[in-house]
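The structure appears below as structure tokens.
Chains as they are written, first to last, in the working numbering: chain G, 5 to 255; chain U, -8 to 323.
Next up, the structure:
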């Protein structure tokens, strides 16, 4: 078994390197199961829905004579669309969404090339053609074994196309606002980090402890603390002050 | 007091400097958010994007040194990844790539795969002859690839293709046939990943079946009728299946003889190289499916017309593969 490589290193021309975490068997399987359920449910819903509608229109039962001597209309309306949905779900959606099918989005992963880029059309089609092998003999056993044994945890289709699945790193559109100096006397960058961390864990900390840490942080910035207030109000006030100082959303 | 607040004076200065860079990061983030296709992007925005990406690398190094494992470093890393993607992304010129594919790449790869193509054709013809001989001398072996119903029909003097249009409409038949043939071809290609053995199996099986079926119908003096049915679509259909097989053989060769490359790299390069023929395979199989659905089963077409269609379509295939139909502008 090859040594597992957890991260893909991307390097810029000035040698700055950032690691992209590689998705393993669990995330891949999770994404696949979601995608599989979507395509099966949509394909079945189409098949049953149109068959029932045609049956009703012709005054027959759901499947009565429907699939005997299949004519063009039944083939094009009832049989072909769900077949296409089931078999072309992955290639079409991967191309349309640049490697982010609904299942992959839910698992927080996406297809990237071994250089960390969004794959082009040919790479996405190649990785889907090789599903023919990865899905053999059933239930993607070949693909699963390949993922378990390969260093980058990829199936044969990924090896062929030069792709892998990596965790999607998201960046909020206003990610850097909290670091900007909003006014005179605002927290310095280190204090923003501490305040941000404290706010994130606010609910999991005991009120007395969190108020105490927040008070230290706030006084270190030269602000005064409220007097003659109850412990509960003091705790609320500390939270309000932290939020106001960091511009962070309320937890 | 939390340790982070006790930063040395120099660090405070650097932190202050980093904080002044926030509007630049925000601007880069906005630029990435509104990114269009590279071709439509204003020149100034592209230059700005590249400049800001360079500056971001320096800021990221500084932030990492100053505050490793901090959310600022993480956010800058994420911004770096987005910008890296945008800067190093290949231009999406699908039309130009398609033109280049059919005009330059397909003839080049067809020429480079000559050896694999000859191996595949020899294998196909060889197993076809073997299938013919086996069934000619042992007629009971026909049951290996013909269903009981097919055998009974032939024994009654009918071909299973007779009156097929009374059962399935031409358009439906076309789609079923082209889907089946495309899957077989893609299998012939992809199974090359099993060191070429899968491709050899698919090509041999198809050759054996065709030889056997012809021998079986010949035993009942119906081989001519089967040939009459096959000629219009068969020339191209069998040729492109052999092409896909040749591409699969190339994959197997890359795994058996990777040369100086690692096996995975050699395999990936071979897929990229030989896979160039796949669009031709698929496009021509769509045409072959239409012919097999509309012309082959229709008795109103004479043998002459069928032969003309089959050979003519084969000539078009050869012209595309050899580059005669669209001469390359690339100097060799």
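Note that beta-carbon positions come from the ideal geometry of N, C-alpha and C, so glycine has one too.
- According to the neighbour-count rule (16 or more other Cβ atoms, all chains shown, within 10 Å of its Cβ), is residue 16/U buried or exposed? Taking the first residue of the second chain as position 1, residue 16/U is located at position 25. Classification for residue 16/U: buried.
Looking only at C-alpha atoms, which of 55/G, 208/G, 102/G and 205/G sits nearest to residue 83/U?
What you label residue 83/U is simply residue 92 of the second chain in a count that begins at 1. Nearest option by C-alpha distance: 102/G.
* Report the rounded CA-to-CA distance for residue 1/G versus residue 143/G, giving the unit in angstroms. => Missing from the structure shown is residue 1/G; chain G here goes from 5 to 255 and no further.
Is the Cβ of residue 122/G closer than 9 angstroms to any Cβ of chain U? For this step, residue 122/G is matched to residue 118 along the first chain. Cβ-Cβ to chain U under 9 angstroms: yes for residue 122/G.
### Message
Looking at the strands, I want to know which residues DSSP matches up with residue 115/G.
### Response
The residue you call residue 115/G lines up with position 111 of the first chain. For residue 115/G, which the question treats as bridged, DSSP gives the partners 169/G.
When you compare each of 152/G, 123/G, 15/G and 183/G to residue 200/G by their alpha carbons, which one comes out closest? As a first step, residue 200/G must be located in the first chain, where it is residue number 196. For residue 200/G, the closest C-alpha among the options 152/G, 123/G, 15/G and 183/G is that of 183/G.
| Where does residue 104/U sit, in a helix, a strand or coil, going by DSSP? | In the second chain, residue 104/U corresponds to position 113, counting from 1. Coil at residue 104/U, not helix or strand.
Beta-carbon contacts of residue 206/U that lie in its chain and below 6 angstroms, excluding the five residues immediately before and after: Here residue 206/U is taken as the residue at index 215 of the second chain, counted from 1. For residue 206/U, where only same-chain residues beyond five positions count, the Cβ hits under 6 angstroms are 123, 126 and 127.
*So the alpha helix (DSSP H) residue 12/G belongs to, where does it begin and stop?*
Taking the first chain and counting its residues from 1, the one referred to as residue 12/G is at position 8. Where residue 12/G is concerned, there is no enclosing alpha helix (DSSP H), although the beta strand (DSSP E) it sits in stretches over 11 to 15.
**Asked** Would residue 181/U count as contacting chain G if we go by Cβ distances under 9 angstroms?
**Response** To locate residue 181/U, count along the second chain from 1; it is residue 190. Residue-level contact check: residue 181/U touches chain G, since one or more beta carbons of chain G fall below 9 angstroms from its beta carbon.
Item to complete: Express the C-alpha separation of residue 175/G and residue 172/U in angstroms, rounding to a whole number.
Response: Position 181 of the second chain, counting from 1, holds the residue named residue 172/U. Position 171 of the first chain, counting from 1, holds the residue named residue 175/G. Between residue 172/U and residue 175/G, the C-alpha separation is close to 45 angstroms.
Report task. With DSSP as the reference, please indicate the residues paired to residue 26/G in a beta bridge. Result -> Indexing the first chain from 1 puts residue 26/G at position 22. Answer is 170/G.
Exercise for review: Write down the C-beta distance between residue 147/G and residue 12/G rounded to the nearest angstrom, noting that I regard them as a contact closer than 8 angstroms.
Suggested key: Residue 147/G sits at position 143 when you count from the first residue of the first chain. Residue 12/G sits at position 8 when you count from the first residue of the first chain. With a Cβ gap of about 20 angstroms, residue 147/G and residue 12/G do not count as contacting.
- Query: Assuming residue 312/U and residue 272/U make a contact with CB atoms under 8 angstroms, what is their CB distance in whole Å?
  - Reply: Here residue 312/U corresponds to residue number 321 of the second chain, with the count starting at 1. Here residue 272/U corresponds to residue number 281 of the second chain, with the count starting at 1. That belief does not hold up - the Cβ atoms of residue 312/U and residue 272/U are roughly 10 angstroms apart, past 8 angstroms.
Handout entry: Short Cβ contact (9 angstroms threshold) for residue 241/G with residue 233/G
Key = Taking the first residue of the first chain as 1, we reach residue 241/G at position 237. Taking the first residue of the first chain as 1, we reach residue 233/G at position 229. In contact: residue 241/G and residue 233/G (Cβ atoms closer than 9 angstroms).
Per DSSP, the bridge partner or partners of residue 179/G:
As a position in the first chain, residue 179/G is number 175, starting the count at 1. Its beta-bridge partners do not exist; DSSP assigns none.
At a Cβ threshold of 9 angstroms, is residue 9/U touching chain G? Within the second chain, residue 9/U is the residue found at index 18, counting from 1. So, interface residue.
* So residue 47/U and residue 85/U are in contact, right, with Cβ under 8 angstroms, and what is the actual spacing, rounded? -> Looking up residue 47/U in the second chain gives position 56. Looking up residue 85/U in the second chain gives position 94. Not confirmed; about 30 angstroms, so no contact.
Answer with yes or no whether the minimum CB distance from residue 54/G to chain U is below 9 angstroms.
-> In the first chain, counting from the first residue as 1, residue 54/G sits at position 50. It does not: the Cβ of residue 54/G has no partner Cβ on chain U nearer than 9 angstroms.
### Message
Less than 6 angstroms between C-beta atoms, sequence neighbours within five positions excluded: which residues of the same chain meet that for residue 324/U?
### Response
Any answer about residue 324/U is impossible in this case: the structure gives chain U only from -8 up to 323.
Quick check: what's the CA-CA separation for residue 300/U versus residue 127/G? Your numbering for residue 300/U matches position 309 in the second chain. Your numbering for residue 127/G matches position 123 in the first chain. Taken atom to atom, the span from the alpha-carbon of residue 300/U to that of residue 127/G is near 35 angstroms.
| Secondary structure at residue 21/G, three-state DSSP: helix, strand or coil? | The residue labelled residue 21/G in the question sits at position 17 within the first chain. Three-state DSSP puts residue 21/G in a strand.
Check: Nearest to residue 178/G by alpha carbon, out of 70/U, 116/U, 169/U and 148/U?
Finding: Within the first chain, residue 178/G is the residue found at index 174, counting from 1. Among 70/U, 116/U, 169/U and 148/U, the Cα nearest to that of residue 178/G is on 70/U.
- Message: Given this structure, state the Cα-to-Cα distance separating residue 25/U from residue 191/U, to the nearest angstrom.
- Response: Indexing the second chain from 1 puts residue 25/U at position 34. Indexing the second chain from 1 puts residue 191/U at position 200. About 50 angstroms.
Checklist entry - Should residue 304/U and residue 266/U be called a contact, given that it needs their Cβ atoms to be closer than 9 angstroms? => result Within the second chain, residue 304/U is the residue found at index 313, counting from 1. Within the second chain, residue 266/U is the residue found at index 275, counting from 1. No; because the gap between Cβ atoms is not below 9 angstroms, this pair is not in contact.
Problem set entry | Per-residue burial, residue 129/U [other beta carbons within 10 Å of its own, 16 or more giving buried] | Translated into positions along the second chain, residue 129/U becomes position 138. It is exposed - the Cβ of residue 129/U has fewer than 16 other Cβ atoms within 10 Å.
Practice item. Please go through the same chain and pick out, in chain order, the residues whose beta-carbon is closer than 6 angstroms to the beta-carbon of residue 165/U, but skip the five residues on each side of it. Key: Indexing the second chain from 1 puts residue 165/U at position 174. Closer than 6 angstroms at the Cβ level, and outside the excluded window around residue 165/U, lie 280, 281 and 284.
task: Please report how far the alpha carbon of residue 14/U lies from the alpha carbon of residue 245/U, in whole angstroms.
output: Locating residue 14/U in the second chain gives position 23, counting from the first residue. Locating residue 245/U in the second chain gives position 254, counting from the first residue. Cα to Cα, residue 14/U sits roughly 51 angstroms from residue 245/U.
Check your understanding: Using a C-beta to C-beta distance shorter than 8 angstroms, which residues of chain U count as neighbours of residue 22/G?
Key -> The residue you call residue 22/G lines up with position 18 of the first chain. Within chain U, the residues near residue 22/G are 51, 68, 71, 72 and 75.
Output the boundary residues of the alpha helix (DSSP H) element that contains residue 268/U. Stepping through the second chain from its first residue, residue 268/U is reached at position 277. Where residue 268/U is concerned, there is no enclosing alpha helix (DSSP H), given that its DSSP letter is neither H nor E.
task: Out of 150/U, 174/U, 118/U and 63/U, point me to the one whose CA is closest to residue 290/U's CA.
output: Against the second chain, residue 290/U aligns to sequence position 299. Minimum Cα distance to residue 290/U is reached at 150/U.
In terms of residue numbering, what span does the alpha helix (DSSP H) encompassing residue 16/U cover? Indexing the second chain from 1 puts residue 16/U at position 25. Segment 13 to 24, the alpha helix (DSSP H) holding residue 16/U.
TODO: Have a look at 95/G, 136/G and 221/G and flag the residue whose alpha-carbon is nearest the alpha-carbon of residue 43/G.
DONE: Position 39 of the first chain, counted from the first residue, corresponds to residue 43/G. Answer by Cα proximity: 95/G.
Residue from 30/G, 21/G, 112/G and 197/G whose Cα sits closest to the Cα of residue 264/G
Nothing about residue 264/G can be read from this structure; chain G reaches only from 5 to 255.
**Prompt:** In angstroms, rounded to a whole number, what distance separates the CA positions of residue 114/U and residue 199/U?
**Reply:** Here residue 114/U refers to the residue found at position 123 when the second chain is read from its first residue. Here residue 199/U refers to the residue found at position 208 when the second chain is read from its first residue. One C-alpha to the other measures close to 10 angstroms.
Exercise for review: Entirely within the segment 25 to 79 of chain U and at least 3 residues each: give me those beta strand (DSSP E) ranges in chain order.
Suggested key: none
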